[in-house]
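Colleague:
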Amino acid sequence: MENRSEDLKTNEQIIEELTKDLESSCIRVDENYSASNGSTAESKAVKTSNQLDSSSEHVEINSGNNDKRETENEYDANRSTDFIDEDLLKDRELNLSESDKESLRDDAERHKNKGNDYFKSGEYKEAISMYTMGIQTCPLAYSKERSILYANRAAAKLKCLQERESAIADCTKAIELNPSYVKAYIRRAQLYEQEEKLDEALEDFKKVLTFDSSHAEANYAVRRLPPLINERNEKLKTEMLGKLKDLGNMVLKPFGLSTNNFELQKDPNSGGYSVKFHQNPS
């Protein structure tokens with residue numbers, strides 16, 4: 001009886017064992033919950049971080065687009081403001097009556113006169129703007145009037161040295177509209193000479209003489225320019241021969257030779273050249 005009573009557990013012992021298991025179970029649940037919450041918090045932190053990265057990336061992309069737009073706007077602002085869209089003018093004139101065209105021609109004439117006033121007072125940029133307005137206003141049917149506007153704009157650009165190429169284009173357009181326009185040829189010849197395009201300048205001056213053989217500037221130019229052209233050509237020829245000689249010396253050097261070993265001799269009868277070799281040039 002005494003041994004049996006020892007095997008029997010008291011109520012306190014049973015409760016202690018049960019609560020012990022329950023306590024360990026609660027600890028495990030709490031650990032799992034904490035781990036789960038930690039993972040969730042970490043996930044939220046990562047998600048927030050990712051959202052911030054995305055926002056930053058979005059800002060950078062928008063910033064890039066803004067830079068691109070600013071560059072494009074700057075490009076548009078720097079584009080030539082004297083461009084004339086003749087297709088647009090042609091479409092505009094389809095529905096114009098003759099009186100409408102005459103009215104526009106008169107408006108263009110007023111723009112030209114204002115441009116002339118600016119030109120006389122040395123305000124060349126303003127003159128260019130007025131001539132451009134005249135070209136944009138004058139109907140395409142009035143070729144002579146448009147030719148004068150282009151030539152006048154070229155004259156104003158001639159005073160603005162940085163616009164020589166554009167002025168040449170205006171002179172060319174004026175000549176297309178009026179092939180016998182002496183002033184346009186003269187201005188283009190002057191511009192060509194400033195650009196060191198002496199051959200083109202000479203051709204324009206010669207063309208002027210076909211319309212006016214007594215033209216003083218053109219007569220002087222056709223005597224003055226040929227020697228300058230010859231001088232330029234000789235200079236270019238000397239430079240070219242010098243470069244060819246340097247190249248020849250580089251090729252002949254491995255053979256112990258140079259261009260001095262070779263001499264060009266001109267045949268007085270045929271005008272042709274022959275090459276003479278010298279083993280030991282002086």
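FYI, the numbering for the sequence shown is 1 to 282, going by the UniProt record's numbering. Using N, Cα and C, we set each Cβ at its ideal position, and we do this for glycine too. Please read all numbers here as calculations on a predicted model, not as lab measurements.
Rounded to the nearest angstrom, what separates VAL275 and ASP267 at their Cα positions?
Modeller: Taking the sequence shown and counting its residues from 1, the one referred to as residue 275 is at position 275. Taking the sequence shown and counting its residues from 1, the one referred to as residue 267 is at position 267. Rounded to the nearest angstrom, the two C-alpha atoms are 11 Å apart.
Colleague: Quick one: grab the DSSP three-state call for LYS197.
Modeller: One-based indexing of the sequence shown puts residue 197 at position 197. Note: LYS197 maps to coil in three-state DSSP.
Colleague: Please go through the same chain and pick out, in chain order, the residues whose beta-carbon is closer than 8 Å to the beta-carbon of LEU96, but skip the five residues on each side of it.
Modeller: Position 96 of the sequence shown, counted from the first residue, corresponds to residue 96. LEU104 and PRO139, listed in sequence order.
Colleague: If distances are taken between C-alpha atoms only, which option among ALA141, LEU264 and ARG188 comes closest to ALA155?
Modeller: As a working note, residue 155 is residue 155 in the sequence shown. The shortest C-alpha separation from ALA155 is found at ARG188.
Colleague: Just the C-alpha distance for ASN260 and ASP246, rounded to the nearest angstrom, thanks.
Modeller: The residue you call residue 260 lines up with position 260 of the sequence shown. The residue you call residue 246 lines up with position 246 of the sequence shown. Roughly 11 Å separates the two Cα atoms.
Colleague: Out of GLU109, LYS243, PRO254 and ASP199, which one is the CA nearest neighbour of GLU231?
Modeller: What you label residue 231 is simply residue 231 of the sequence shown in a count that begins at 1. With distances taken between Cα atoms, GLU231 lies closest to ASP199.
Colleague: What does a CB cutoff of less than 6 Å around GLU193 pick up in its chain, not counting 5 residues either side in sequence?
Modeller: Your numbering for residue 193 matches position 193 in the sequence shown. Closer than 6 Å at the Cβ level, and outside the excluded window around GLU193, lie ALA201.
Colleague: I need the boundaries of the alpha helix (DSSP H) containing CYS171, first residue and last residue.
Modeller: The residue given as residue 171 occupies position 171 in the sequence shown. It spans 164-177 - the alpha helix (DSSP H) in which CYS171 sits, taken as one unbroken run.
Colleague: So does the region 141-154 actually touch the region 167-182, counting three or more Cβ pairs closer than 8 Å?
Modeller: Short answer: they touch.
Colleague: In this structure, does DSSP put SER274 in helix, strand or coil?
Modeller: Working through the sequence shown from its first residue, we reach residue 274 at position 274. Strand.
Colleague: Taking DSSP as the reference, what is the three-state secondary structure of THR48?
Modeller: Locating residue 48 in the sequence shown gives position 48, where the first residue counts as 1. Caution is warranted here: a pLDDT of 34 is assigned to THR48, below 50, making its placement in the model unreliable, and no coordinate value can be reported.
Colleague: Three-state secondary structure (DSSP) at GLU263?
Modeller: Counting from one through the sequence shown, the residue named residue 263 turns up at place 263. Strand.
Colleague: Decide if SER56 is buried, meaning its Cβ has at least 16 other Cβ atoms within 10 Å, or exposed.
Modeller: Here residue 56 is taken as the residue at index 56 of the sequence shown, counted from 1. Only weak support is given to the placement of SER56: the predicted model assigns it a pLDDT of 32, under 50, and the value that follows is read from those uncertain coordinates. Counting Cβ neighbours within 10 Å, SER56 comes out exposed, since fewer than 16 surround it.
Colleague: Among ALA108, GLN190, GLN265 and MET133, which residue has its Cα nearest to the Cα of ASP204?
Modeller: Taking the first residue of the sequence shown as 1, we reach residue 204 at position 204. The shortest Cα separation from ASP204 among ALA108, GLN190, GLN265 and MET133 belongs to GLN190.
Colleague: Can you give me the start and stop residues for the alpha helix (DSSP H) that ASN95 sits inside?
Modeller: Within the sequence shown, numbered from 1, the residue matching residue 95 stands at position 95. Here ASN95 belongs to no alpha helix (DSSP H), and DSSP marks it neither H nor E.
Colleague: Leaving out five residues on either side along the sequence, give the residues of the same chain with a beta carbon under 8 Å from the beta carbon of LEU94.
Modeller: Residue 94 sits at position 94 when you count from the first residue of the sequence shown. Excluding residues within five positions, none has a Cβ falling inside 8 Å.
Colleague: Is it true that the CB of LYS159 sits closer than 8 Å to the CB of TYR124?
Modeller: Position 124 of the sequence shown, counted from the start, is the residue given in the question as residue 124. Position 159 of the sequence shown, counted from the start, is the residue given in the question as residue 159. The answer is yes: Cβ separation under 8 Å.
Colleague: In the DSSP assignment, the alpha helix (DSSP H) including GLY122 goes from what residue to what residue?
Modeller: Here residue 122 corresponds to residue number 122 of the sequence shown, with the count starting at 1. It is not in any alpha helix (DSSP H) - GLY122 carries neither H nor E in the DSSP assignment.
Colleague: Using CA atoms only, rank isn't needed, just tell me which of LEU149, LYS173 and PHE119 is closest to MET133.
Modeller: Within the sequence shown, residue 133 is the residue found at index 133, counting from 1. Nearest C-alpha to MET133: LEU149.
Colleague: How about GLU195 and ARG224: do their beta carbons lie closer than 8 Å?
Modeller: Counting from one through the sequence shown, the residue named residue 195 turns up at place 195. Counting from one through the sequence shown, the residue named residue 224 turns up at place 224. Their beta carbons are not under 8 Å apart, which means GLU195 does not touch ARG224 by this criterion.
Colleague: DSSP state of GLN279, grouped into three classes?
Modeller: Taking the first residue of the sequence shown as 1, we reach residue 279 at position 279. In the structure shown, GLN279 sits in coil (DSSP, three-state: anything other than H, G, I, E or B).
Colleague: Taking the alpha-carbon positions, what's the TYR185 to TYR131 distance?
Modeller: Looking up residue 185 in the sequence shown gives position 185. Looking up residue 131 in the sequence shown gives position 131. So the two alpha carbons sit approximately 19 Å from each other.
Colleague: How about PHE119 and ALA127: do their beta carbons lie closer than 8 Å?
Modeller: Sequence index remark: in the sequence shown, residue 119 carries index 119 (1-based). Sequence index remark: in the sequence shown, residue 127 carries index 127 (1-based). In this structure, ALA127 lies closer than 8 Å to PHE119 by Cβ.
Colleague: Thinking just about the alpha-carbon of each residue, which of PHE211, GLN136 and ALA174 is nearest to the one in ARG110?
Modeller: The count along the sequence shown starts at 1 and reaches residue 110 at position 110. Residue GLN136 is the option with its Cα nearest to ARG110.
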